[in-house]
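Participant: First, the structure itself, so that you have it in front of you.
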Ligand code: ADP
Ligand code: MG
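In the numbering used here, the protein residues as written are 235 to 503.
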């Protein structure tokens with residue numbers, strides 16, 4: 235299995251004084267579904283931001299798809315093939331939809347990513363329509379995202395990432411603020427995407443969804459690694475103190491064949 239992310243002794247401090255992560259070692263492989271669990275302030279969002287190359291390790295090394303992820307590589311105006319490739323492969327769903335949404339209509343929001351990829355206009359429209367149908371957003375296509383409910387905005391955020399069709403999804407507290415029905419819809423969608431081969435990394439403190447969004451289980455062999463990870467985090471004095479990776483395989487049958495057909499993982503480098 236291809237290694238997607240490899241973190242070696244990664245630490246991150248904000249403004250050189252607020253330590254958020256210390257000495258994290260972690261490997262994530264293609265097709266895995268992983269939950270990052272921890273109390274508020276334990277560093278979950280920081281870890282996801284590092285995985286998405288939005289912030290960078292203060293020390294240690296981060297590799298994505300076998301390539302080093304560094305500020306020099308991403309924060310440059312020069313054409314950078316790896317950075318472009320990375321942005322087509324990794325999608326981030328922010329905890330707060332208002333951070334992510336900026337277009338004047340739902341349609342434009344979902345079409346923005348494919349447009350940025352330089353896809354032909356017909357393909358952009360086709361993808362946008364498909365994703366809107368898949369997430370039952372078609373009736374909201376002309377609405378301004380900021381006028382939607384929290385659950386609807388979260389759906390639009392997810393749709394705007396799926397329209398890029400990344401192989402790796404990073405989700406920060408995806409069920410936060412959702413009603414039980416929308417939570418169920420979301421976890422089932424994530425399971426469908428997992429079965430279609432996506433790598434899904436979910437930061438959450440919602441223990442109810444952990445089993446549904448993660449393959450790594452206390453009952454399985456990787457649990458040994460997870461306990462090690464847990465201890466390491468605790469030893470390192472992460473603010474929240476109780477972070478670990480956990481979860482279990484889901485046996486639920488594939489609900490939506492269209493997810494698999496249209497959004498199955500692409501072949502990788
Ligand atoms: P979590 O997502 O688990 O709640 P975070 O990654 O958001 O945790 O935060 C980890 C630590 O980093 C916390 O102590 C938090 O106060 C700190 N932190 C997060 N973002 C910033 C920032 N922009 N500036 C300074 N400190 C920050
Ligand atoms: Mg957070």
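Cβ coordinates follow ideal geometry from the N, Cα and C atoms, glycine included.
Do residue 261 and residue 286 have their CB atoms nearer than 8 Å?
Facilitator: Contact: no.
Participant: Among all residues, which have a Cβ less than 7 Å from at least one non-hydrogen atom of the ligand MG, and in what chain order do they fall?
Facilitator: The set, ordered by position in the chain, is 278, 279, 329, 406, 407 and 437.
Participant: Reducing DSSP to helix, strand and coil, say where residue 330 ends up.
Facilitator: Three-state result, residue 330: coil.
Participant: Hey, how far is the Cα of residue 184 from the Cα of residue 288?
Facilitator: Past the boundaries of the shown model lies residue 184; the chain is included only from 235 to 503, so the question cannot be answered.
Participant: State the DSSP-derived secondary structure class of residue 409, mapped to helix, strand or coil.
Facilitator: Residue 409: coil per DSSP, three-state reduction.
Participant: Are residue 246 and residue 270 closer than 8 Å when you measure CB to CB?
Facilitator: Not in contact: residue 246 and residue 270 (Cβ atoms no closer than 8 Å).
Participant: Please report the residue range of the beta strand (DSSP E) in which residue 437 lies.
Facilitator: Element bounds for residue 437: 433 to 438.
Participant: Closer than 6 Å by C-beta to residue 295: which residues in its own chain qualify, once you throw out the five before and the five after it? Chain order, please.
Facilitator: Only 242 meet the Cβ criterion.
Participant: Which ranges does the alpha helix (DSSP H) cover as unbroken runs of at least 4 residues, wholly within the segment 331 to 405, from first to last along the chain?
Facilitator: If we require 4 residues or more, the alpha helix (DSSP H) runs fully inside the segment 331 to 405 come out as 331 to 334, 340 to 350, 355 to 368 and 384 to 396.
Participant: Relative to the alpha-carbon of residue 399, which residue among 345, 250 and 385 has its alpha-carbon at the smallest distance?
Facilitator: It is 345.
Participant: Give me the residue from 391, 440 and 275 with the minimum Cα distance to residue 343.
Facilitator: Checking every option, the nearest Cα to that of residue 343 belongs to 391.
Participant: On the DSSP bridge list, what partners appear for residue 302?
Facilitator: According to DSSP, which records beta bridges pairwise, residue 302 is partnered with 297.
Participant: Going by CA-CA distance only, name the one from 378, 407 and 297 that's closest to residue 336.
Facilitator: Selected option, being the one with the closest Cα: 378.
Participant: Just curious, the alpha helix (DSSP H) that residue 284 is in, first and last residue?
Facilitator: Element bounds for residue 284: 278 to 285.
Participant: Starting from residue 253, follow its DSSP beta bridges and name the residues at the other end.
Facilitator: 247, per the DSSP bridge assignment.
Participant: Give the DSSP-derived three-state secondary structure of residue 416 in the structure shown.
Facilitator: Helix, per DSSP.
Participant: Can you name the residues that DSSP bridges to residue 262?
Facilitator: Beta-bridge pairing links residue 262 to 239.
Participant: Could you give the DSSP three-state label for residue 289: helix, strand or coil?
Facilitator: Correct three-state label for residue 289: coil.
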